[in-house]
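Peer 1: Before we start, here is the structure in question, set down as structure tokens.
Next up, the structure:
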């Protein structure tokens, strides 16, 4: 029997998580009143029950009863009821953007107060759940399909999960350093394919550009040292409770060298399934757009 409590920040993806769990065979109930959680748990332990996997969504929409949740979880612990807490996290700016896009008001801010105030209150009230979470998934930089892939890894494939999601981002310095990047590496020391006429219209996603960049001895040595350093940092970040890590790799225009090195780093880190990883090429098409203007 597996009993999952899905919670976290409003707008972080709880509905998506519950839908995904339902699709893989979990009996799901969203916004279950807090006082009914022990009764739900008891039903799962009835001999002969057909339900062996269940998930409930619990968040601050529960109103005043939400404050009782910590006490209820303590009751489950005393009763020997095994459960897992999935906490979905997201940074404030992304949450605010999502609320603006959906034109919804935050449950704790109402129609008049700023969304940011509601988010701050929610973080305070859910802090105890975040600390107790078995799985802490930060959806700030995730697409819906990427979130589903991470949940599939945890709840279907039963992979060990280290609560860290890595984003590898290529970019062009002339378009600005990404403010959200935790680590930034400059690969403008490598020969630039831009000055090779037949390579100029191509990108680091093309084999010809990739080979031109990586056949340079400095590129190979740099990649070995970069992978070694990142693999050293990851377990230390996890130990300190970091849930997201963005690694920026930049060249002049973000089309050739940075794309190539970002792809190489992504492929190297992808071999370890203990954490989630995605790749994004922020500026790969901007050169063509700029010239078209």
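Numbering (full-length UniProt numbering), first residue to last: 1 to 293. Glycine residues also receive a C-beta, built at the ideal position from the N, C-alpha and C atoms.
#1: Give the range of the alpha helix (DSSP H) segment to which residue 20 is assigned.
#2: Label residue 217 either buried or exposed according to how many other C-beta atoms from any shown protein chain fall within 10 Å of its C-beta, with 16 as the threshold for buried.
#3: Thinking C-alpha only, which one of 37, 131 and 166 is nearest residue 271?
#4: When DSSP labels each residue in this structure, what does residue 10 get in the three-state scheme?
#5: Determine the direct distance from the alpha carbon of residue 17 to that of residue 28, and round the result to whole angstroms.
#6: At the level of alpha carbons, what is the spacing between residue 224 and residue 145?
#7: Please name the residue, chosen from 172, 267, 42 and 57, that lies closest to residue 192 on a Cα-to-Cα basis.
#8: Is the distance from the Cβ of residue 250 to the Cβ of residue 177 below 8 Å?
#9: Quick one: what's got a C-beta closer than 6 Å to residue 91's C-beta in the same chain, skipping five residues either side?
#10: As a quick exercise: from 207, 83, 247 and 41, pick the residue whose alpha carbon is nearest that of residue 155.
#11: Determine the burial state of residue 252: buried for a count of at least 16 other Cβ atoms within 10 Å of its Cβ, exposed for fewer.
#12: Can you give me the start and stop residues for the beta strand (DSSP E) that residue 55 sits inside?
#13: Distance check for residue 9 and residue 243, CA to CA, integer angstroms please.
#14: Just the Cα atoms here: how many angstroms apart are residue 102 and residue 36?
#15: Strictly by DSSP, which residues pair up with residue 84?
#16: What's the C-alpha gap between residue 99 and residue 258?
#17: Tell me which residues share the same chain as residue 273 and place their Cβ nearer than 6 Å to its Cβ, disregarding the 5 neighbours each side in the sequence.
#18: Following the continuous beta strand (DSSP E) through residue 240, name the residue where it begins and the one where it ends.
#19: Note down the Cα distance separating residue 14 from residue 196, rounded to an integer number of angstroms.
#20: Run through the stretch 141-173 for me and flag every whole alpha helix (DSSP H) of 4 or more residues, listed as ranges in chain order.
#21: Only counting the same chain, and skipping five residues up and downstream in sequence, which positions put a Cβ closer than 8 Å to that of residue 268?
#22: Do you know how far the Cα of residue 125 is from the Cα of residue 51?
#23: Would you tell me roughly how many angstroms separate the C-alpha atoms of residue 292 and residue 213, rounded to the nearest one?
#24: Taking all protein chains shown into account, decide if residue 143 is buried (16 or more other Cβ within 10 angstroms of its Cβ) or exposed.
#25: So the candidates are 4, 219 and 11; which of them puts its Cα closest to the Cα of residue 105?
#26: Alpha carbon to alpha carbon, what distance is there between residue 130 and residue 72?
#27: I need the DSSP call for residue 27, collapsed to helix, strand or coil.
Peer 2: Answer, in terms of the structure:
#1: Counting from one through the chain shown, the residue named residue 20 turns up at place 20. Element bounds for residue 20: 14-23.
#2: Reading the chain shown from its first residue, position 217 is the one you call residue 217. Counting Cβ neighbours within 10 Å, residue 217 comes out exposed, since fewer than 16 surround it.
#3: Looking up residue 271 in the chain shown gives position 271. Closest by C-alpha distance to residue 271, out of 37, 131 and 166, is 166.
#4: Taking the chain shown and counting its residues from 1, one reaches residue 10 at position 10. Under the three-state reduction of DSSP, residue 10 is assigned to coil, being neither helix nor strand.
#5: As a position in the chain shown, residue 28 is number 28, starting the count at 1. As a position in the chain shown, residue 17 is number 17, starting the count at 1. Taking the straight line from one Cα to the other gives about 10 Å.
#6: Taking the first residue of the chain shown as 1, we reach residue 224 at position 224. Taking the first residue of the chain shown as 1, we reach residue 145 at position 145. Going by the C-alpha atoms only, they are around 30 Å apart.
#7: In the chain shown, counting from the first residue as 1, residue 192 sits at position 192. If we check each option's Cα against that of residue 192, 172 comes out closest.
#8: Here residue 250 corresponds to residue number 250 of the chain shown, with the count starting at 1. Here residue 177 corresponds to residue number 177 of the chain shown, with the count starting at 1. Cβ atoms of residue 250 and residue 177: closer than 8 Å.
#9: The count along the chain shown starts at 1 and reaches residue 91 at position 91. Cβ within range, chain order: 140.
#10: For this step, residue 155 is matched to residue 155 along the chain shown. Comparing Cα-Cα distances from residue 155 to each of 207, 83, 247 and 41, the minimum goes to 83.
#11: Numbered from its first residue, the chain shown carries residue 252 at position 252. Under a 10 Å Cβ-count criterion, residue 252 is classified as buried, with 16 or more other Cβ atoms of the shown protein chains found around its own Cβ.
#12: The residue you call residue 55 lines up with position 55 of the chain shown. Counting along the chain, residue 55 sits inside the beta strand (DSSP E) bounded by residues 53-57.
#13: Indexing the chain shown from 1 puts residue 243 at position 243. Indexing the chain shown from 1 puts residue 9 at position 9. Going by the C-alpha atoms only, they are around 14 Å apart.
#14: In the chain shown, residue 102 corresponds to position 102, counting from 1. In the chain shown, residue 36 corresponds to position 36, counting from 1. Spanning the alpha carbons of residue 102 and residue 36 requires a straight line of approximately 30 Å.
#15: Taking the chain shown and counting its residues from 1, the one referred to as residue 84 is at position 84. Partner(s): 4.
#16: Walking along the chain shown from the start, residue 99 turns up at place 99. Walking along the chain shown from the start, residue 258 turns up at place 258. In this structure, the straight-line span from the alpha carbon of residue 99 to that of residue 258 is close to 33 Å.
#17: By 1-based counting over the chain shown, the position of residue 273 is 273. Excluding sequence neighbours, residue 273 sits near 159.
#18: Along the chain shown, read from residue 1 onward, the residue named residue 240 stands at position 240. No residue range can be given for residue 240, since it is assigned to no beta strand (DSSP E) and is classified by DSSP as neither H nor E.
#19: Translated into the one-based positions of the chain shown, residue 14 becomes position 14. Translated into the one-based positions of the chain shown, residue 196 becomes position 196. A direct Cα-to-Cα measurement between residue 14 and residue 196 gives close to 49 Å.
#20: For the stretch 141-173, whole alpha helix (DSSP H) runs of length 4 or above, ordered along the chain, are 144-155.
#21: What you label residue 268 is simply residue 268 of the chain shown in a count that begins at 1. The residues are 223 and 227.
#22: Along the chain shown, read from residue 1 onward, the residue named residue 51 stands at position 51. Along the chain shown, read from residue 1 onward, the residue named residue 125 stands at position 125. Taking the straight line from one Cα to the other gives about 31 Å.
#23: Residue 292 sits at position 292 when you count from the first residue of the chain shown. Residue 213 sits at position 213 when you count from the first residue of the chain shown. Its pLDDT being 49, under 50, residue 292 is placed unreliably in this model, and the value from its coordinates should be taken loosely. Put simply, the backbone Cα of residue 292 is about 26 Å away from that of residue 213.
#24: The residue labelled residue 143 in the question sits at position 143 within the chain shown. Under a 10 Å Cβ-count criterion, residue 143 is classified as exposed, with fewer than 16 other Cβ atoms of the shown protein chains found around its own Cβ.
#25: Within the chain shown, residue 105 is the residue found at index 105, counting from 1. When only C-alpha atoms are compared, the closest one is 11.
#26: Taking the first residue of the chain shown as 1, we reach residue 72 at position 72. Taking the first residue of the chain shown as 1, we reach residue 130 at position 130. Spanning the two alpha carbons is a distance of roughly 16 Å.
#27: The sequence position of residue 27 within the chain shown is 27, counting from 1. Residue 27 falls in the strand class under three-state DSSP.
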